[in-house]
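K.L.:
Let me give you the structure first, and then I'll get to my questions.
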Amino acid sequence: MQRTVVIGVRGTQYHHASNQPNQGHLRVGTSLQLVRERNNPHDQHTVLIKVRGTGANLGHVGREHAPKYSALIDNGSIISAEVKQVYRRALIS
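Just so we're aligned, residue 659 is where the sequence shown starts under our numbering, counting upward by one.
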C-alpha cells in the first residue's frame, strides 16, 4: 500500500539546501533518500534527507517526527520518498 505524507525538512540552512532548486537538483518529483543516523550524538532517531541523484544533504526530519520515521525505515515500510513542494524559505518532501 502506498501512502503520501508531507513533512517539513529541518536544518536546510545548515546544509545549504536553498541552493539546490537554483542548481536544478530539487524540483517536484525529485527522488529523495531517507537515511537513519543511529550514531548521531544528538538524537538516536535522526533521519537525514538526501537528494537521491546527487547525494546532496537537504536537512533532517523534524525531531518531533523522527522516532516515527526512523522506526518505519528500520522495518522497511519506507522504500521511497520524493519532493512534493519546494518553498523558498522551507523545503517540503
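Ideal Cβ positions, reconstructed from N, Cα and C, are used throughout, including at glycine. Just so it is clear, the structure is predicted and the values come from calculations on it, not from any experiment.
How many Å lie between L716 and T704 at the Cα?
P.N.:
Cα to Cα, the separation comes out at about 13 Å.
K.L.:
With a threshold of 8 Å between beta-carbons, can V744 be considered close to chain E, or not?
P.N.:
In the structure shown, chain E cannot be found, because there is only a single protein chain.
K.L.:
Can you tell me whether H718 is buried or exposed? The criterion is at least 16 other CB atoms within 10 Å of its CB, across all chains shown.
P.N.:
Buried.
K.L.:
What residue range is occupied by the uninterrupted alpha helix (DSSP H) comprising K708?
P.N.:
Run containing K708: none in the alpha helix (DSSP H); it sits in the beta strand (DSSP E), V705 to V709.
K.L.:
Just how far apart, CA to CA, sit G713 and L692?
P.N.:
So the two alpha carbons sit approximately 11 Å from each other.
K.L.:
Over what stretch of residues does the alpha helix (DSSP H) that includes S728 continue unbroken?
P.N.:
Note, S728: alpha helix (DSSP H), A724 to D732.
K.L.:
In the DSSP assignment, the beta strand (DSSP E) including H718 goes from what residue to what residue?
P.N.:
N715 to V719 is the span of the beta strand (DSSP E), which, as asked, contains H718.
K.L.:
In this structure, does DSSP put V610 in helix, strand or coil?
P.N.:
Because the chain in this structure spans residues 659 to 751, residue 610 falls outside the shown range and cannot be described.
K.L.:
Could you give the C-beta distance for V663 and L684, rounded to a whole number, given that I count them as a contact under 8 Å?
P.N.:
No, V663 and L684 are not in contact; Cβ-Cβ is about 18 Å, not under 8 Å.
K.L.:
Going along the chain, which residues of its own chain have a beta-carbon closer than 7 Å to the beta-carbon of D701, five neighbours each way excluded?
P.N.:
Cβ neighbours of D701 beyond the five flanking positions: R721 and A724.
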